[in-house]
Amino acid sequence: MKNLKLTRPIALLMSGLMLTSTFSVINAADDTDETSNGKGASIVGSNIEDVIERMNALTYAEYQALYTDVPDATSAVIIDGTDYDPELTDADVRIETYEGREALFTPDDGSVVYSFDIPKDGMYMIELDYYPTTSKQTDVERQLYIDDKIPFRETGYLTLKQVWESDLSLAGDSKTGFQLDALDNDVRPNTVLAPVWQTYKAQDSTGYYTDPFLYYFSEGTHTLKLTASRCDIAFGEIRIQQPDDVKTYEEVLADYTAKGYKAVSSDATVKLQAEFPTAMSAKSIYPTYDKTSPISEPQHESRIRLNTIGKDTTWQYVGDWVEYKLTVEESGLYHIVTRHKQSVSVDMFVTRKLLINGELPFEEAKNLRFTYGDEFETRPLTDGKTEFQFYFEAGKEYTLRFEIGLGELADLINRIQISMANMNKALIKVKQITGDTPDEYRDYNFIGLIPNEMNLFLAEAKEIRAIANEMEEIVGYRGSQSTVFDDIADMCFEMGSDESTIAGHIGNLTSNIGTLGTWMNTVIVQPLEVDYISVQSVDEKIPAANANLLQTLIYEVKKFIASFFSDYSTFADEDYGDAKTVVVWMGSGRDQATIMRQMVNDMFSSQYGIPVDLKLVSGGALLPSVLAGQGPDISLDGVSMDWAIRSAIMKLDDFDTFDEVCSRFDESALVPLYLDIDSDKRGHYGIPVTQSFSVVFYRQDIFAELGVDLPQTWDEIKALLPLFNSKNYEFGVSASLKFHLYQKGGDWFADGGRRINWDNQLVLETFKDVCDLFTQYQCPTSYDGTNRFRTGEMPYMMSDYGIYTQLTMFATDIRGMWGMSTLPGYEITDENGNTYINNTGTTSSGGVGIMANAKNPEGAWDFIDWYTDADAQIRYGNEYATLLGSGTIYTPANLEAMLSMNWTNEELEVLMAQFNNLRATPMYPGDYIISRYESFAFDNVYNEGADPVEELLKNINAINREISRKRQEFGLDYLEIGETLAEREAKKAQESGEAGN
Amino acid sequence: MSQNTAVKQEESKRPVSRKDMTALQWTLKEMKRNYLGYLFLAPFYILFLMFTIIPVVLSLFICFTHFNMLEPPKWIFLDNFIRLFLEDDIFLICVKNTLIFAIVTGPASYLLSFFVAWFINELPPKIRAVVTLVFYAPSIAGSVYMIWQTLFSSDAHGWVNGTLIKLGLIDTPIHFFKDPTYMMPLCIVVALWCSLGTAFLSFIAGLQTVDRSLYEAGAVDGVKNRWQELWYITLPVMKPQLMFGAIMAITGSFNFGGIVSALCGDPSTDYACHTITHHLGDYGGARMEIGYSSAIAMILFFMMVGANQLVQKMLAKVGQ
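The following block contains the structure:
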C-alpha cells in the first residue's frame, strides 16, 4: 500500500512523457496534456467521499418534497456570464466575443463560480444563454453546484445540446435540393456543426421530469458553480428567475376567442418539408428516405429521394430536437398537421414537445402524442384528446422546435426507475445473506436481519400496482408489460408479507426486474419519422395520409418497369477516366459498405484520383478467389499472418510512406501484424485499423459502501476477495496466463519464437497464481459481465473498453456510480531497487493489408494510407456509431481517432495510461497451438485439482514439437525438442572445437 | 468377286449383334439409341461429377502431397500416411473417440429411430403427425442442441450447476463441457437426442408402404405374433428404407463433429472428445495443411466404406 504514493507520481510522469512524445500526431491532445498531470491522482480510489456525497444526494423528487411550502420566486437575478468569481474559479476561462456578444469561454475541465445575492426566499428556475464552442461531436455536460453542494442528484448531469445543420453546399441548384450522385440518387448531406446562441433552462437530461428544475434559494449571498465534465462552452447571461408561467390550452383558446381570432382561408397553407430542418441537436439526425409510400414528398420510383427525417431510430433520444422556420401570409388560427409514422415502439405512443420561439405555447404542448402504426398518419398536433389550434401572425418569422420529451410517461418512468433501484438495493441485501443460490427451505431469519427491506418490498408492491394502473389509463390498454408489473407486484407482496417466500423468489424477481429494465429502455427511446409539416387553416381538410389503391398501383407498376432499366447499385462510382482502379472487398455488411462508399467518394477518389471498386462479398469468398487468381487488391476483413507466411499477402515495409503511416499507432498495435521470422519474409503485413484492450470497470457505490479503496495490485485484490466473497460480491478477472506473465515481466516465447517459454520458474509461479484466483479464491470463470456489473453482483470487472458505451447508454440505473480504471498489476522491484506496479495489458489489433497478387499495389497502398489516417477513421467511427446506434463503439487503432471520441477528461486519462502500457505478441509459426494447451492445463487444474506446475510442464513438448514442425515446413531454423538455442550453440562450439583439435 | 460382294451385302444386311463390336462401340451405340435418357440424366451427372467425383479424386491425389491452399502442392508420396500412423498420437486418440461415438451412437440411434418410428406408426394418423413433429423437431431446428449448453453451463447460475449448488451437492460450479469426465457421456446423450432425423422419417414412410394384404397372407401362413410379423414381413418389405437409414446413421455417427465443437469447444479439453472429423478440420483449417488433412479424410472414407459393407451384410440377414 505504501508504494502507491510513490508509484503514482512516477506513473503520471511517464504518462505525461508519453503524451508529449505523441504530440506531433495529436493536435487535439493539446489541453488534455496538462490536465493529466494535474489531476491524475484523483481518479483512482481516493474520491470515496465524493462518491458517497453524490450517492447520498437527494433525488429531485425528494428535494421538491422538502420545499413544498416555499413559494415560487417572483423576481429575477441576472448575472452576466463574464462576471465570474475569479477567486473561486479554477478553470482556465477567458472572455471572448461570439456573434457580437461577450461571453465567458470555459474549457472542458475545471469549474467556474458565480456569486450573487438573492433578494427573497423562494423557488427559482435557472436559465442561461450559451454558445456551443466545442468541435467535439457530443453533447456538452456540466454539473451544477449551489454553495459548493449538489442540491439534488439530477443536477449533476446537465446536458446542453450543440447545434447542427445539413451541409447543403454541394447541392448547388439540384432539383431535389440535395446533392445528386452519378445515378441521379440523392446523396445524404453531411451534418455539420452550426453554432448559434442558445437558451437553456436547467432541467433533467433523462426527461424524467418534464418541467425545468426549481432550486431553493434563501435570502442572501450564494454561489453557483458549474463544473465541466464534457466539452468546452461559452456562457452568456445567467438568469436566476421566477418559474415560467405557462397557460393551459383552455386559457389560450379563451384568449383567442376574446381577441376574435378567426380561421384563415384555405390557400394560406404553408408546407414545411421535414427533411430540411433549419437546425438539429445531434449529428445522428439527418434526412432519410422512405420508399414505402408513393405519396411521400418527394418520391421517385427508382431513385433515392431524401424525403423524411427521423426514419428508424435516427431521432429518438430524449432532449434531441429539430427546428423549422415558419412565416405565414395570413394572420389567424392554424392547425399544425404532420404526416408521420411511428412503427418502431410497438403499442406505445411517442411524445414531442413543441416550442415556438423557444417557449411552450401552452402547457399541453409538451405532451404531443404520436401513436404507433404501420402506415403513415396525418393529424393535427394533439395530446390524444384535443387537436390544438395555433395563432400565427402574418409576416412574422416563427421558429418551431420539436423536442423529444417523455410527456405523460415521464413521471411513471421516473417512479419505475426509483422503484427498481429500491428493489435492487433490497435484493443485494438479501443476496448478501443467502448467496448466489438461495436455499428455499432454510430459515434465514429475514425479519430479524432486514426488517426494513421487507417493509420496502411491501411498499414497492403497492407502488408497482399503482404504476401499472396509471400506465394502463394513459396508454389506453393493457400492454405487454402489464404481466411483468403484475408478477413483480405479486412477488414483492409475498416477499414482504411472508419471509419464507423470499429465498424462493429472488431469482425470479431479479429476472423480472431485468425484463422491466429492458422494457424501460425501449420506452424511453422515442423514434418518429416525419414526412412534412403542413401549417394550414383549422377549416381545411386534413391531407390524405396514405396513397389510394390507384396511386399505389401506378407507383408499383412504375417501380416494376423501372427495375428493368435502373442500376440500383448504390456503390456506383464516379468517372475518373483511365486511372487504375483499386479493387476493395469488404464482408461486414451493406450498411458499412454504404458508409465506406460515401467516404471513398468524398475523401479518397476525389483527392487521389484513384477510382475504387468496392465490393460487398460474403466471408468465405476470399480464399477461393485468391486461389483462382481473381482476388481483390485489398480485403478490409483483416489480414491473416497464416496467409502472410505463405506469401499470399504483400510485405509493406518497402512502401515510401510506411514509417509515416506506422507513426499513427501505438507500437503494440503493429506487433500482431508483424511476422517475426528469420527470413526475407520478416516484416509488416498489415496496417492496424482496430485495436482493443481491457480496462477495469468498478462500482464506486459498492466500494464506498464497503469502505475500501480500489485495488491496484493483485495482492490487494487477493486481500479483498475474502471480504467480497463473504458479501457474495464477485471479481471478474482475466485467466490469461500471458496477461499475468507480461505483468510480471516475463516472456511468452523463448529463442526468437523457436520454443515456448514455459519451462522457467517465473512462468510456473505465475500460472500457479492464476489458477489460485479461480480455485482458491473462487473467482467465476464464466459469467455475463455487463449484467452482473449492473445488478451489483460483480462490482469489479476487467473488460474490453468498448463496453463503456454500452454501460453509459443502457445501464442508466447505475449512472454516476461506476468508474473506469487502469488494470491491476504486480508489484515489481527493478534492478535499482525501485518498486512499481506493472499493469501491462495485452492487446490485439485487426488490420488491413494488400494481397500478394494485387494488380494495383501502389493504388492499394494509397488507399490504406488514407483509410488508416485519423480523418477517415474518425469519420468511419462516427458514422458507424450513428448507423448502429449510440450504444455501439468503434475502437480504432489510430491514436488520434481514439482520442477524439467522446471521452471525458478522466476517462481519457485512464485510457491513455492503459494505452501506453500495452504489450502484444508477435506472430510466430505454430503459435495457434499454444492457447489450446494452456486451456487444457487450466481445465485440468480447475476440474481435477491437478498440480498447475505439472500440467504446464506436461504440455511443453507438444507445443515445441508443433512449433519446430511448422518452422521446418517454412524452411526456418528450428530446435530439436528439449533443446535451447544456447545449448545448441554451446554444443556446436564444442564440436567445432573438437574438430579443430 | 461378285459372289464376294454378295456375301458382304448379305452380312451387312444381317442385324448387328453384340459379338461384332468392341465393348466401346457397343456402349456408344446403345448410348446413341437411348440419348434421350442420357439427356435427362445429364444435368445431375454433370453436377455430380463436378462437385462430388472430381473433389474426391482430387483429394486422393492431394493426400500424397504437401499443400497449403495458397502455394502449389508438393509431391511427398506416403509421408503424410507415415506421419499419421507413426508420429501423430492425437490421431490415435481421434480414432478411439470416433469408434466409441460410432459404436455407441450409430446402432443406438438406428435402433432408437426404428423403434420410435414403429411405435408411432401404431398411433392414429392425426396424433401420429403431431408426435412425429415432436420427435423430428430437434433435428430440423438447426443448432437446437445449444439448449444443452444453457442447461449445463459452467456459470454458477447455469441450470444444472445452480440446481446442484442449491441442493448442496457441490459448492463450486462444475465445468461440464470442459471436464473430460463428463464431456463424452454428455455428447453421446446429446447426439442420441438429435439423432431422430432423416432416417427416422424414412422409417415412418417405409412402415406406411407395407401392404396390408401381406399381413393377412402372413396370418394365413402361420405368423403367430407381432415380432414374427415384424421380422418376416415388415422388415424385409422396407429393406430399402433400412439401408438408407443405416447409411445415414453411419455417416452421422462418423461425422459427429459439429455438436462436439459447439458444446465442448474445438479442440476439447485434453482432446477427450476429439474425433477424426475434428482432427481433419484442425489440420485443414488452423494449420493449413490440406495434404495431411486429405490423408486423414481418406482414412475416414475407408472406415465408412468398411462400416457400410458390414451393415449391408447384416441387413441381408434380415427376415431370414
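One line per chain: the protein sequences are A and B, in this order.
Residue numbers 105 to 1101, in the numbering used here, belong to the letters of the first sequence in order.
Residue numbers 0 to 319, in the numbering used here, belong to the letters of the second sequence in order.
Ideal placement from N, C-alpha and C gives every residue a C-beta, glycine not left out.
- Taking the beta carbon of A:Q882 as reference, the chain B residues within 8 Å of it are T171, listed in sequence order.
- Within the stretch 627-674 of chain A, the runs of beta strand (DSSP E) that reach at least 3 residues and sit entirely inside it are, in chain order, 633-641.
- When the Cα atoms are used, A:T885 and B:D154 turn out to be separated by approximately 7 Å.
- Here A:A498 is exposed: its Cβ has fewer than 16 other Cβ atoms, across all protein chains shown, within 10 Å.
- Residue-level contact check: B:L69 touches chain A, since one or more beta carbons of chain A fall below 8 Å from its beta carbon.
- When secondary structure is reduced to three states using DSSP, B:F63 falls in the coil class, being assigned neither helix nor strand.
- In the structure shown, the three-state DSSP call for B:M242 is helix.
- Spanning the alpha carbons of A:S219 and A:K533 requires a straight line of approximately 43 Å.
- Among the CB atoms of chain B, one or more fall inside 8 Å of the CB of A:L727.
- Closest by C-alpha distance to A:N652, out of A:D225, A:R701, A:G963 and A:P398, is A:P398.
- Between B:S194 and B:S108, the C-beta spacing is below 8 Å.
- DSSP places A:P211 outside both helix and strand once states are collapsed to three, so it counts as coil.
- Secondary structure at A:L274: coil, using DSSP grouped into helix, strand and coil.
- Bridge partners of A:A498 according to DSSP: A:V432.
- Distance from A:E576 to A:S586 at the Cβ level is roughly 7 Å; contact confirmed, criterion being Cβ atoms closer than 8 Å.
- Nearest CB-CB separation between A:R1023 and chain B: not below the 8 Å threshold.
- Taking the Cβ atoms as the reference, A:A649 lies roughly 7 Å from A:E479, within the contact range of under 8 Å.
- With respect to the 8 Å criterion, B:A306 and B:L83 are not classified as neighbours on the basis of their beta carbons.
- Per DSSP, the beta-bridge partners of A:K719 are A:W689.
- Look at A:Y887: its C-beta is under 8 Å from a C-beta on chain B.
- DSSP, reduced to helix, strand and coil, places A:K1058 within a helical segment of the structure shown.
- The C-alpha of A:Y881 is placed about 10 Å away from the C-alpha of A:D873.
- Taking CB atoms only, B:M49 has no neighbour in chain A less than 8 Å away.
- Chain A has a Cβ within less than 8 Å of the Cβ of B:T268.
- Non-local C-beta neighbours of A:F828 in its own chain, meaning closer than 6 Å and more than five positions away in sequence, are absent.
- Counting only runs of 4 or more residues that sit fully inside the stretch 196-234 of chain B, the alpha helix (DSSP H) segments are 197-208 and 211-219, in chain order.
- Nearest Cα to B:S267 within the set A:R1036, A:E481 and A:L1056: A:R1036.
- With fewer than 16 neighbouring CB atoms inside 10 Å of its own CB, B:I139 falls in the exposed class.
- The shortest CA-to-CA distance from A:G276 to any of A:Y428, A:E434 and A:V291 is the one to A:V291.
- Counting C-beta pairs with one atom in each stretch, the stretch 205-215 of chain A and the stretch 179-193 of chain A have three or more that are closer than 8 Å, which means they touch.
- As summarised for the stretch 486-551 of chain A, the continuous beta strand (DSSP E) elements at least 3 residues long and confined to that stretch are 494-496 and 501-508, given in chain order.
- Closer than 8 Å to the CB of A:R750 there is at least one CB belonging to chain B.
- For A:Y312, there are no neighbours in chain B by C-beta distance under 7 Å, as the nearest C-beta there is about 31 Å away.
- The C-beta of A:L1056 comes no closer than 8 Å to any C-beta of chain B.
- Look at B:H277: its C-beta is not under 8 Å from any C-beta on chain A.
- At a cut-off of 8 Å between C-beta atoms, A:F1040 counts as an interface residue with respect to chain B.
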